[in-house]
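Residue numbers (my numbering): 47 to 215. Positions of the beta carbon are idealized from the N, C-alpha and C atoms, including for glycine. Computed from a predicted structure; not experimentally measured.
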Amino acid sequence: MRKMMILVAAWLLVGNTAMAQSQPVIGIINLEQALFNTDAARQLEANTRSQFASDEQRLERLNTELREIIERAQRDESILSEQELQQLNSDAEERQVQMQVIAERLQNAWNQRQQQFIESQRQFLGQAIEAVVEEGNYDLVLNAESVAYFNNSYDITALVTAKLNELAQ
Numbered sequence: 047m048r049k050m051m052i053l054v055a056a057w058l059l060v061g062n063t064a065m066a067q068s069q070p071v072i073g074i075i076n077l078e079q080a081l082f083n084t085d086a087a088r089q090l091e092a093n094t095r096s097q098f099a100s101d102e103q104r105l106e107r108l109n110t111e112l113r114e115i116i117e118r119a120q121r122d123e124s125i126l127s128e129q130e131l132q133q134l135n136s137d138a139e140e141r142q143v144q145m146q147v148i149a150e151r152l153q154n155a156w157n158q159r160q161q162q163f164i165e166s167q168r169q170f171l172g173q174a175i176e177a178v179v180e181e182g183n184y185d186l187v188l189n190a191e192s193v194a195y196f197n198n199s200y201d202i203t204a205l206v207t208a209k210l211n212e213l214a215q
């Protein structure tokens, strides 16, 4: 009886080992996150912020002015004339338009730089993914955006980001 139990235990152990070996090794990657967490992406963001710092400061200044106009209108509404209220409203609208123009310019510049960055990094991203797949013996790598749910233990995004940083040196 004891010999039979040892044989069954050994069979189960061998069976589980064989099953574990037959399971595919799967990785999940968030491509955008892998790219934009790199040192090169951080440098791009710093350069872009530096280049457009005056626009961002102007945007903040306009936002402060707009808040002050709104606060004054609310605070002094009962003592201001109709003409003064219309002037405050006109000033507020002018600030909003200026803010929208600057914000759109900043957003367009950022989008354009991101696209250029993605294009410049496409080849390196492919190399990094291939290297991580080889090192980890992955059988299947899926894009995180196309997976409804996955356990974080499958996430190889950080590995790909590290490999991208390594390739950039």
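CB contact flag (I72, L186, <7 Å): Residue 72 sits at position 26 when you count from the first residue of the sequence shown. Residue 186 sits at position 140 when you count from the first residue of the sequence shown. Yes, the Cβ-Cβ distance between I72 and L186 is below 7 Å.
Beta carbon of A190 nearer than 7 Å to that of N83: Residue 190 sits at position 144 when you count from the first residue of the sequence shown. Residue 83 sits at position 37 when you count from the first residue of the sequence shown. Not a contact, by the Cβ cut-off of 7 Å.
Helix, strand or coil at T185 [DSSP, three-state]: Taking the sequence shown and counting its residues from 1, one reaches residue 185 at position 139. In the sequence as displayed, the identity of residue 185 is Asp instead of Thr. Correct three-state label for D185: coil.
Any 3 or more C-beta pairs closer than 8 Å across the stretch 93–107 and the stretch 146–159: yes
Euclidean distance between Cα positions of E91 and R159: Locating residue 91 in the sequence shown gives position 45, where the first residue counts as 1. Locating residue 159 in the sequence shown gives position 113, where the first residue counts as 1. Cα to Cα, E91 sits roughly 9 Å from R159.
Beta-carbon spacing of R141, L112 below 7 Å: Here the question's residue 141 lines up with position 95 in the sequence shown. Here the question's residue 112 lines up with position 66 in the sequence shown. Yes.
Neighbourhood of I164 by C-beta, 8 Å cutoff - its chain only, sequence neighbours within 5 removed: Within the sequence shown, numbered from 1, the residue matching residue 164 stands at position 118. Once the five neighbours on either side are set aside, the close Cβ partners of I164 are L81.
According to DSSP, residues forming a beta bridge with G73: One-based indexing of the sequence shown puts residue 73 at position 27. Answer is V187, bridged to G73.
Exposed unless 16 or more other CB atoms sit within 10 angstroms - verdict on Y195: Taking the first residue of the sequence shown as position 1, residue 195 is located at position 149. So Y195 ends up on the exposed side.
Those residues which DSSP pairs with D101 across a bridge: Numbered from 1 along the sequence shown, position 55 holds the residue referred to as residue 101. Paired residues: none, contrary to the question.
Residues sharing a beta bridge with D201, DSSP: Numbered from 1 along the sequence shown, position 155 holds the residue referred to as residue 201. Answer is I74, bridged to D201.
Inter-residue Cα distance where the pair is A87 and E180: As a working note, residue 87 is residue 41 in the sequence shown. As a working note, residue 180 is residue 134 in the sequence shown. C-alpha separation (whole angstroms): 25 Å.
Burial state of L188, where buried means 16 or more other Cβ atoms lie within 10 Å: One-based indexing of the sequence shown puts residue 188 at position 142. By the 10 Å Cβ count, L188 comes out exposed.
N211 to Y184 span [Cα, whole Å]: Working through the sequence shown from its first residue, we reach residue 211 at position 165. Working through the sequence shown from its first residue, we reach residue 184 at position 138. So the alpha carbons of these two residues sit roughly 21 Å apart.
Exposure of L108, with buried meaning 16 or more beta-carbon neighbours within 10 Å: Taking the first residue of the sequence shown as 1, we reach residue 108 at position 62. L108 comes out buried.
Buried or exposed (CB count within 10 angstroms, at least 16 for buried), T207: Counting from 1 along the sequence shown, the entry for residue 207 is found at position 161. Buried.
Between the CA atoms of I202 and K209 - distance to the nearest angstrom: Here residue 209 is taken as the residue at index 163 of the sequence shown, counted from 1. Here residue 202 is taken as the residue at index 156 of the sequence shown, counted from 1. Looking at the two C-alpha atoms, the distance is approximately 11 Å.
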